[in-house]
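In the UniProt record's numbering, the protein residues as written are 1 to 345. These notes are about the structure you will find just below.
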Amino acid sequence: MSETTTARRRTVAVIVALELVLVALGFGVAQQVEADGAAERTPVANLLGPDFVDIRSVPSGPSAPATAPGAATGTYTWDCGRNENGHRNTANIVMAPGFPGQAHHVHDYVGNVSTAVDSTPRTLAVAATTCHNGDRSTYFWPVLRTVGQAGTDPTGAPGAGATGDATSHEGHDGEIQVPVEVTLTYSGNPRGNVVAMPQQLAGTVGDAVALTNGGAHAAATWTCSSTPERRTTAYPACPPGDRVLRIYDFPSCWDGRRTDSQNHRAHLTFPTREGNCPRNTFPVPRLRLALSYDLPTGVRFQIDAFDGQRNSPLTDHAFFVNLMPDPLMAKVVTCLNSGQACREG
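Listed below in structure tokens is the structure:
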């Protein structure tokens, strides 16, 4: 065998060996990239399904309407706690006063500590409150539970899955999640000044039976802490490190006469996208109630809902009944109409 042939074979062997090394290295890098990508995707992917949406795929909502000269541009924020005292029950003093609700549709409360099935305007007006500024109003919404964690709820609340057996209603036996933060904010109106809310004014946002009645009153309440401008009617799959948010923007155009109405909506309606109140209505302070939950990434969750609503996120909703003392409401109105950013508690 000639020296030339031997050298050529050695060269080919070295090239083949180098190619094998490069292929192995490339395969290892590809595996690592794939693993890293899977690690990033898995927590979100675990939540995707008919009721969940990746919040990164949700478009931002419309921009805020233009503000007219002299309009109420102020804000008033106050602290009513986050239901650390475990005030929960199935009552709904707005939709069905005096009647207990379904055992598997539990509400969380902040504000008035006496709100229950037997509440009356008189009992509510003299009760204590969790609000640091003396606001006796009641604010409530359906509890949020993690999925598949059956057992006794420490509060012993109705519908908390206390039996822990196979007969428990599916979707109602998970652990109730207490918000890590509850923020209440009143804002003004971009087209003019606001007037005071009357005592006992009731407000409704969302619809507890939206899944079966067409969803006309469903509200996009769900989002994540890093993307509050992206609102959806589905449960949000949030990026790692984000909190799950529920944001309730209540109607703020009052008919000037009633504190409630037959459908619990006609007396207090929403402004137009431009911020105008419909004819023969008056702008009152607009309430935003925001709940923040610190949940492990990838853990499934759902709200308590009426039987037949499949715990659908579309049925999220909230209520308030205004019981702010008149001097405090006057303070709120002054703050909003004068363009101040006020905070108490």
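Glycine included, each C-beta is placed from N, C-alpha and C at the ideal position. Computed from a prediction, not measured in an experiment: that's the story for all the values here.
Buried or exposed: which applies to Ala318, given that a residue is buried once 16 or more other Cβ atoms fall within 10 Å of its Cβ? For the purposes of this step, residue 318 is taken as residue 318 along the sequence shown, with counting starting at 1. It counts as buried.
Between the CA atoms of Asp51 and Asp326 - distance to the nearest angstrom: On the sequence shown, position 326 is the one that residue 326 refers to. On the sequence shown, position 51 is the one that residue 51 refers to. Approximately 42 Å, taken between the alpha carbons.
Examine the Cβ distances between the segment 193-208 and the segment 323-338 and report whether three or more of them are shorter than 8 Å. yes
Residue 433 - DSSP class collapsed to helix/strand/coil: Coverage of the chain is limited to positions 1 through 345, which leaves residue 433 absent and any answer about it impossible.
Starting from Cys335, trace the alpha helix (DSSP H) in both directions and tell me its first and last residue. Taking the sequence shown and counting its residues from 1, the one referred to as residue 335 is at position 335. Per DSSP, Cys335 belongs to the alpha helix (DSSP H) from 326-337.
Is the CB-CB distance between Ala96 and Ala116 below 7 Å? Here residue 96 refers to the residue found at position 96 of the sequence shown. Here residue 116 refers to the residue found at position 116 of the sequence shown. It is not a contact, given that the beta carbons lie outside the stated cut-off.
How is the alpha helix (DSSP H) around Thr259 delimited, first residue to last? Residue 259 sits at position 259 when you count from the first residue of the sequence shown. Here Thr259 belongs to no alpha helix (DSSP H), and DSSP marks it neither H nor E.
Exposed unless 16 or more other CB atoms sit within 10 angstroms - verdict on Glu84: For the purposes of this step, residue 84 is taken as residue 84 along the sequence shown, with counting starting at 1. Counting Cβ neighbours within 10 Å, Glu84 comes out exposed, since fewer than 16 surround it.
Only counting the same chain, and skipping five residues up and downstream in sequence, which positions put a Cβ closer than 6 Å to that of Leu201? Within the sequence shown, the letter at position 201 stands for residue 201. Hits under 6 Å: Thr259, Asn322.
Leu268 and Gly203 closer than 7 Å at C-beta: The residue labelled residue 268 in the question sits at position 268 within the sequence shown. The residue labelled residue 203 in the question sits at position 203 within the sequence shown. Cβ distance < 7 Å, so Leu268 and Gly203 count as in contact.
In whole angstroms, give me the CA-to-CA distance for Ser114 and Tyr139. Here residue 114 refers to the residue found at position 114 of the sequence shown. Here residue 139 refers to the residue found at position 139 of the sequence shown. Roughly 12 Å separates the two Cα atoms.
Residues near Thr120 by beta carbon distance below 7 Å, same chain, minus five either side: The residue given as residue 120 occupies position 120 in the sequence shown. The answer is none, since no qualifying residue turns up.
What did DSSP end up calling Asn112 once you bin it into helix, strand or coil? Numbered from its first residue, the sequence shown carries residue 112 at position 112. Asn112 falls in the strand class under three-state DSSP.
Going by the CB atoms, is the gap between Gly111 and Cys80 shorter than 7 Å? Residue 80 sits at position 80 when you count from the first residue of the sequence shown. Residue 111 sits at position 111 when you count from the first residue of the sequence shown. Yes.
Helix, strand or coil at Asn189 [DSSP, three-state]: Reading the sequence shown from its first residue, position 189 is the one you call residue 189. Here Asn189 sits in strand by DSSP.
Going by C-alpha distance, which of Thr297, Gly256, Gly298, Glu274 is nearest Thr281? For this step, residue 281 is matched to residue 281 along the sequence shown. Nearest of Thr297, Gly256, Gly298, Glu274 to Thr281, Cα basis: Gly256.
Can you tell which of Trp222, Ala341, Glu274 has its C-alpha closest to the C-alpha of Asp292? The sequence position of residue 292 within the sequence shown is 292, counting from 1. The amino acid occupying residue 292 in the given sequence is Ser; Asp does not appear at that position. The option with the nearest alpha carbon to Ser292 is Trp222.
Extent of the continuous beta strand (DSSP E) to which Thr212 belongs: Counting from one through the sequence shown, the residue named residue 212 turns up at place 212. Per DSSP, Thr212 belongs to no beta strand (DSSP E); it is in the alpha helix (DSSP H), 210-213.
Quick one: grab the DSSP three-state call for Ala290. Along the sequence shown, read from residue 1 onward, the residue named residue 290 stands at position 290. Of the three classes helix, strand and coil, the one that applies to Ala290 here is strand, per DSSP.
Would you please state the rounded distance, in angstroms, between the beta carbons of residue 364 and Asp304? I believe it to be under 8 Å. Missing from the structure shown is residue 364; the chain here goes from 1 to 345 and no further.
Compute the distance between the beta-carbons of Ala219 and Val205, then report whether it is under 7 Å. Counted from its first residue, the sequence shown places residue 219 at position 219. Counted from its first residue, the sequence shown places residue 205 at position 205. A contact, by the Cβ cut-off of 7 Å.
Applying the 10 Å Cβ sphere with the 16-neighbour rule, what's the burial state of Ser63? Numbered from 1 along the sequence shown, position 63 holds the residue referred to as residue 63. Exposed is the call here.
Could you pull the start and end residues of the beta strand (DSSP E) that Leu295 belongs to? What you label residue 295 is simply residue 295 of the sequence shown in a count that begins at 1. Segment: none, Leu295 is in no beta strand (DSSP E) and carries neither H nor E.
Rounding to the nearest angstrom, what Cα-Cα distance links Arg343 and Thr77 in this structure? Here the question's residue 343 lines up with position 343 in the sequence shown. Here the question's residue 77 lines up with position 77 in the sequence shown. Taking the straight line from one Cα to the other gives about 5 Å.
First and last residue of the alpha helix (DSSP H) that includes Thr123? Taking the sequence shown and counting its residues from 1, one reaches residue 123 at position 123. Per DSSP, Thr123 belongs to the alpha helix (DSSP H) from 121-125.
First and last residue of the beta strand (DSSP E) that includes Thr204? By one-based count along the sequence shown, residue 204 stands at place 204. Here the beta strand (DSSP E) through Thr204 covers 202-206.
Quick check on this structure: which residue in Phe99, Arg122, Asn189 has the alpha carbon closest to the alpha carbon of Thr67? Reading the sequence shown from its first residue, position 67 is the one you call residue 67. Taking only the C-alpha atoms, the option nearest Thr67 is Asn189.
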